[in-house]
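>
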Amino acid sequence: MGSRTYLDGLNSAQLQAVQYGIGSGSAAPPALLIIAGAGTGKTNTLAHRVAHLMVNGADPLRIMLLTFTRRAAQEMTRRVERICTAAMPNGQFRAASKVSWAGTFHAIGSRLLRQHAESIGLDPAFTILDREDAADLMNLVRDDLGFSGLKSRFPRKATCLAIYSFAVNAEAPLSQVLPKAFPWCEEWEAELKSLFAAYVEAKQRQNVLDYDDLMLYWAQMMQVPELAAQVGERFDHVLVDEYQDTNSLQASILLGLKPDGAGLTVVGDDAQSIYSFRAATVRNILDFPGHFEPDAAVITLERNYRSTQTILAASNAVMDQATERFTKNLRSDRRSQERPHLITVSDETGQAGYVVERILANREAGLALKDQAVLFRTSHHSGPLEIELARRNIPFVKFGGLKFLEAAHIKDIISILRWTANQRDRVAGFRVLQLLPGIGPGYARKALDRLETDNFLSDALASFRPPSAAVEDWPELLELIRRLRRLDAGWPQQIELAVEWLKPHLERLYDSLPSRISDLEQLLQIASTVPNRQTFLEDLTLDPPNATGAESGTPLLDEDYLILSTIHSAKGQEWKAVFVLNIVDGCIPSDMATGSVAEIEEERRLLYVAMTRAKDQLHLVQPLRFFVRQQRRNGDSHIYAPRSRFITAPMTALFDCSAWASGRSSRATAPGASEHRVDIAARLRDRWR
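Position in the sequence shown (from 1) plus 1104 gives the number in the numbering used here.
#1: Starting from E1139 and walking both ways along the beta strand (DSSP E), at which residues does that stretch end?
#2: From the DSSP output, in three-state form, read off V1159 for me.
#3: Under DSSP, the beta strand (DSSP E) around S1669 begins and ends at which residues?
#4: Considering just the uninterrupted stretch of the alpha helix (DSSP H) at T1263, what are its terminal residues?
#5: Alpha carbon to alpha carbon, what distance is there between T1189 and L1796?
#6: Assess contact between the stretch 1170 to 1190 and the stretch 1200 to 1216, defined as three or more Cβ pairs (one per stretch) separated by less than 8 Å. Is contact present?
#7: For the stretch 1315 to 1349, which segments carrying the alpha helix (DSSP H) assignment without a break, of at least 4 residues, lie completely within its bounds, in sequence order?
#8: Can you give me the Cβ contacts of L1690 inside the same chain, cut-off strictly under 7 Å, excluding the 5 residues immediately before and after it?
#9: Using 8 Å as the cut-off, can you tell me whether the stretch 1293 to 1300 makes contact with the stretch 1236 to 1252, which would need three or more C-beta pairs spanning the two stretches below that distance?
#10: With C-beta atoms as the reference, is I1671 less than 9 Å away from V1422?
#11: Got a sec? Which residues, its chain only, sit under 7 Å from E1428 by beta carbon, not counting five neighbours each side?
#12: Please tell me whether Q1455 and L1666 are closer than 9 Å, where the distance is taken between their beta carbons.
#13: Going by alpha carbons, who is nearest to S1436 out of T1414, L1368, T1756, Y1110?
#14: Based on the DSSP output, what are the partners of K1502 in its beta bridges?
#15: What's the call for R1462, buried or exposed, on a 16-neighbour Cβ count within 10 Å?
#16: From the DSSP output, in three-state form, read off P1283 for me.
#17: In the structure shown, what three-state DSSP assignment does S1201 receive?
#18: Which of the three DSSP states is assigned to L1169 in this structure?
#19: So C1188 is in the alpha helix (DSSP H); what residue range does that whole segment cover?
#20: Please state the DSSP three-state secondary structure of F1396.
#21: Going by the beta-carbon positions, is the gap between R1056 and I1599 smaller than 9 Å?
#22: Looking only at C-alpha atoms, which of W1523, A1573, P1571 sits nearest to L1555?
#23: Compute the distance between the beta-carbons of A1140 and G1372, then report whether it is under 9 Å.
#24: From the DSSP output, which residues share a beta bridge with T1756?
#25: Buried or exposed: which applies to Y1409, given that a residue is buried once 16 or more other Cβ atoms fall within 10 Å of its Cβ?
#26: According to the neighbour-count rule (16 or more other Cβ atoms, all chains shown, within 10 Å of its Cβ), is W1292 buried or exposed?
#27: Quick one: what does DSSP say D1783 is sitting in, helix, strand or coil?
#28: Of the choices D1577, E1510, L1416, whose alpha-carbon is the least far from that of Q1538?
#29: Could you pull the start and end residues of the beta strand (DSSP E) that L1480 belongs to?
#30: Three or more beta-carbon pairs under 8 Å between the stretch 1381 to 1397 and the stretch 1140 to 1151, yes or no?
#31: Please list the terminal residues of the continuous alpha helix (DSSP H) segment that includes A1548.
#32: Could you check the C-alpha separation between R1530 and I1621 for me, to the nearest Å?
#33: Consult DSSP for R1747 and reduce its assignment to one of helix, strand or coil.
#34: Please say whether T1633 and I1518 have beta carbons closer to each other than 9 Å?
#35: Could you check whether I1187 and N1160 sit closer than 9 Å to each other, using their CB atoms as the reference points?
#36: With DSSP as the reference, label L1565 as helix, strand or coil.
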């Protein structure tokens, strides 16, 4: 065992969580739940626990670390390596193995499925569909069943996939899922069942899995006692980050891996469970201790390293009203005389004016725009603010933009690689064939139908007669397919061949050619960092990077810019100053999420998450009136909304409450303006008559 100074920086609760059950013998420690409040050092605590296991003799090859993003897994493993290097003198750690089973649920699931494929009836050469490809396959099946031609409007492909995904991850029947999450689709329950059955059969015929299959197949493995024991015995320790974001399927996987809880540690915060629309459930973390006999230990982290105590006092008060929770009281050593601000404004225009005024004042005081964020419940809530920011020439980024993998030209390259790796991947082939001029869905289907009976490189495509517009380009496509199928080029030369083939077609297919070329160059750079095509396809599909260039939403000409974000996208982030819009009933809580106690409680947690993003300044803004187009009657086009039910009258003592009114009169005639009126628009129209 090395020096214990690597634990010196932990507070008492963190130290208790790191050491729990370790070093008391060779047996795996009992089940442990670490309730880590916002800003309490969750990642640091989990990394130290993994390192402490290794320092005390745990085999890193028998440790599984599950996260929700690849970046989180990489950051966690880097921290573990730094801690172990410091804790193990004389190069002991360099000689030891590193944690190799660290990654997202989906990435780890993919590895396990490939290793056990033959035992569960899978071809180990399966390829993985991303969300858009899965929706395309769903659409093909939907068309084959004739549902797209129905007189009454059948749900679109994306909606069908969302319903399927929710049902799978929630482990719930359609009869429960539809009224709860998709009530407008209830009339199609029988047709959707048929569609999903055909979709599953199509995936199996084509040897493809979608994201949900990676969890579904893994969960099914855990239902087979022999396989569950085989996989579970392979890992002495399973540690899970952000447990409050897991869904029912993921929880069943973990309980199947470690049914007695030995060696299982989960970290999370029930107060930050806000993703029920993705089938995540707060019940997983609330019910976790009771799954084991005796109950799992619960250790709570309450010391916050992010926010001032005045901000935490208000945030704690919001969660004190929750109907069910793990009790915790966040506290901070960061003292401040500035309380959070509760601001009333006349309307949404006034709200935009107040936010912009304070943001600019902060900037003049030395606070960069990047250190400030405006958060909102729903994307369209920021509309009036965006107009005001543009008018005042204040650059901003709004989170939730296009993903790199969703760009059409990137998907073209991925489809080429996928199709040549798996000839049964009909979605990929369907896309590749239509890159040629003159080939539409009909011709693409005919070509793919030949592959149902012929081998890929026999006469299937070579003897196919393409339309005249594609004749000139057809031989080059066949040669590309042959070379990639034969693998006579190494990696990453394979992707270079695909990119060079696609480039001449880009100008015909798409606009913004320079940015697309730049994206392809980035794709080649990404490819050069991985060992082979399979790894490349899985990494990019399971955890795609953000888009580059103009499509990413990041200002290209400004070194500083304001952050706009939905609260859901802001989770895990922090800023020195945070403004939360529309603190009124109907917005927080949303009027679409007040149908049950569970929905209202999640809305409460959303406000808590928003408030705990702030380090030094917190501004909650309450417009008194909202413009409503449908109520333009009797000269009144506004409705009045009460303050959010989550900020009760007694709680206002924790805020600096004030009203704000603009000093400008936006409707006043400007000094010196002429009263003469000219209809220039009519003049311009008349010019062309």
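Every residue gets a Cβ at the ideal spot worked out from N, C-alpha and C, and that includes glycine.
Taking the geometry as given:
#1: A small fix is needed here, since residue 1139 is Ile in this sequence, not Glu. I1139 -> beta strand (DSSP E) spans 1136 to 1140.
#2: helix
#3: 1666 to 1670
#4: 1261 to 1274
#5: The first residue shown for the chain is 1105 and the last is 1793, placing residue 1796 beyond what the model contains.
#6: yes
#7: 1315 to 1325, 1329 to 1336
#8: With the sequence shown as reference, residue 1690 is identified as Gly, and Leu is not the correct amino acid for it. Same-chain partners within the cutoff: A1745.
#9: yes
#10: no
#11: L1390
#12: no
#13: T1414
#14: L1668
#15: buried
#16: helix
#17: coil
#18: strand
#19: 1174 to 1191
#20: coil
#21: Because the chain here runs from 1105 to 1793, residue 1056 falls outside it and cannot be looked at.
#22: W1523
#23: yes
#24: Partner(s): none; T1756 has no beta bridge.
#25: exposed
#26: buried
#27: coil
#28: D1577
#29: The question names Leu, but residue 1480 is Phe in the sequence shown. Its beta strand (DSSP E) spans residues 1476 to 1480.
#30: no
#31: 1545 to 1554
#32: 27 Å
#33: strand
#34: no
#35: no
#36: coil
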